[in-house]
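Here is the structure we will look at, set down as structure tokens.
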């Protein structure tokens with residue numbers, strides 16, 4: 280390939296073509312020394328051309344043991360003379376920078392290119408490198424969201440099926456603590472799924488507090504909480520005057536119940552905001568992406584309150600809509616957790 284280029288183009292023309300390419304180009308001679316690297320390749324690997332030229336390819340790029348697939352690919356070409364198809368691998372710089380995903384196309388400097396093992400010694404190679412990090416992460420993100428959403432739908436289906444079976448088939452009276460325990464089990468399963476089966480970070484699912492805007496978030500949370508609690512009291516007054524009784528038993532009002540409900544509120548907000556709303560928003564590439572994710576999340580959240588009756592489902596839907604807006608503004612679940620705890624426990628005390 281090099282001889283063909285020399286016969287058709289001058290060195291200046293060849294360098295001009297390579298320098299204007301968006302993909303990286305690197306040439307390595309038979310001794311494993313880098314003889315050429317264009318600007319795009321230098322940007323991809325975060326090095327200067329002067330640093331790379333006349334350096335050993337092995338010493339410069341194949342010393343990081345974290346790059347197993349990257350190292351194996353080039354060792355196969357350089358030591359065994361074998362070609363592989365165009366491959367996408369992860370690359371982590373030696374200085375422990377951010378990982379990137381590179382699409383590599385290796386051409387050996389030999390008269391014929393085959394995928395079988397060669398007997399003749401290594402004669403050099405030309406490498407075409409494309410940085411596909413953005414597209415790879417986007418694809419991975421969609422895959423993670425779809426995976427989580429599928430697990431969520433499965434868990435909710437099992438939850439409703441179990442409730443229906445116990446309530447209408449076995450006629451077993453379940454308590455509020457039973458429903459709460461079922462939701463907590465679902466949340467724990469989904470947390471394990473996120474931790475071990477996806478690439479989501481704790482910040483992406485809202486578990487890392489947004490300390491840079493804590494004063495603004497605290498004021499917003501307090502103001503919203505006061506407004507929602509007043510609306511709950513007003514709703515209770517109107518329903519009482521109308522003679523509408525939502526439930527015939529009382530479960531709220533104790534300090535022990537308030538302590539327990541803090542954990543419940545955190546679990547449910549992680550499920551509703553960190554899992555459902557985050558996944559729906561990432562998957563639904565529509566015009567009104569955020570409102571649609573809040574609406575669908577609130578619909579699913581209210582559905583999980585089906586055992587408590589229609590009015591309580593409606594209240595859960597409206598509260599979830601408000602919490603969804605707060606989550607989008609604050610980018611973490613902690614303000615939502617406080618609001619859920621205060622407003623939710625007040626609602627239980629008043630309506631049960």
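In this note's numbering, the protein residues as written are 280 to 631.
Positions of the beta carbon are idealized from the N, C-alpha and C atoms, including for glycine.
(message) At the level of alpha carbons, what is the spacing between residue 411 and residue 381?
(response) CA-to-CA, the gap between residue 411 and residue 381 works out to about 6 Å.
(request) Would you decide whether residue 346 is buried or exposed? Buried here means 16 or more other CB atoms lie within 10 Å of its CB. (result) Residue 346 should be labelled buried.
(request) Please state if the CB of residue 477 and the CB of residue 426 are separated by a distance shorter than 8 Å. (result) Contact flag set, yes.
(message) Just verifying my parser: in three-state terms, what is the DSSP assignment at residue 410?
(response) DSSP places residue 410 in strand when its eight states are reduced to three.
(request) Quick one: residues in its chain with C-beta nearer than 6 Å to the C-beta of residue 463, no 5 flanking neighbours on either side, listed in chain order? (result) For residue 463, where only same-chain residues beyond five positions count, the Cβ hits under 6 Å are 546.
(request) Below 8 Å CB to CB, which residues in the same chain sit around residue 329 once its five sequence neighbours on both sides are set aside? (result) Hits under 8 Å: none found.
(request) Measure the alpha-carbon distance for residue 490 versus residue 611 and round it to whole angstroms. (result) Rounded to the nearest angstrom, the two C-alpha atoms are 10 Å apart.
(request) Could you tell me how far apart the beta carbons of residue 303 and residue 408 are, in whole angstroms, since I believe they sit closer than 8 Å? (result) With a Cβ gap of about 4 Å, residue 303 and residue 408 count as contacting.
(request) Answer yes if the segment 428 to 447 comes into contact with the segment 556 to 574, meaning at least three C-beta pairs across the two stretches below 8 Å, and no otherwise. (result) Because the criterion of three Cβ pairs below 8 Å is met, the segment 556 to 574 and the segment 428 to 447 touch.
(request) Take the Cβ of residue 522 as the centre, count every other Cβ of all protein chains shown within 10 Å, and call the residue buried at 16 or more, exposed below. (result) Per the 10 Å Cβ criterion, exposed.
(request) Jot down the residue ranges of each uninterrupted alpha helix (DSSP H) in the segment 545 to 590, minimum 4 residues, whole runs only, in chain order. (result) Those alpha helix (DSSP H) runs which fall completely within the segment 545 to 590 and span 4+ residues are 557 to 562 and 568 to 582.
(message) For residue 397, which residues in the same chain have their Cβ closer than 6 Å to its Cβ, ignoring the five residues on either side in sequence?
(response) For residue 397, the predicted structure reports a pLDDT of 48, less than 50, and the residue's modelled location is therefore unreliable. A value from the coordinates is still provided. Beyond the five residues adjoining it in sequence on each side, residue 397 comes within less than 6 Å, by CB distance, of 360 in the same chain, given in chain order.
(message) To the nearest angstrom, how far is the alpha carbon of residue 305 from that of residue 474?
(response) Between residue 305 and residue 474, the C-alpha separation is close to 38 Å.
(message) For residue 587 and residue 443, what's the separation of their Cα atoms in angstroms?
(response) Straight-line Cα distance between these residues: approximately 13 Å.
(message) Which of the three DSSP states is assigned to residue 316 in this structure?
(response) Looking at residue 316 - three-state DSSP - the assignment turns out to be strand.
(request) Assuming residue 496 and residue 614 form a contact by the criterion Cβ under 8 Å, report the distance between their Cβ atoms to the nearest whole angstrom. (result) With a Cβ gap of about 5 Å, residue 496 and residue 614 count as contacting.
(message) Let's test the definition: count the other Cβ atoms within 10 Å of the Cβ of residue 466 and tell me whether it reaches 16, buried, or not, exposed.
(response) Here residue 466 is buried, its C-beta having at least 16 other C-beta atoms within 10 Å.
(request) Have a look at residue 608 and residue 590 and give me their C-alpha separation to the nearest angstrom. (result) Inter-residue distance for residue 608 and residue 590 is about 28 Å (C-alpha atoms, whole angstroms).
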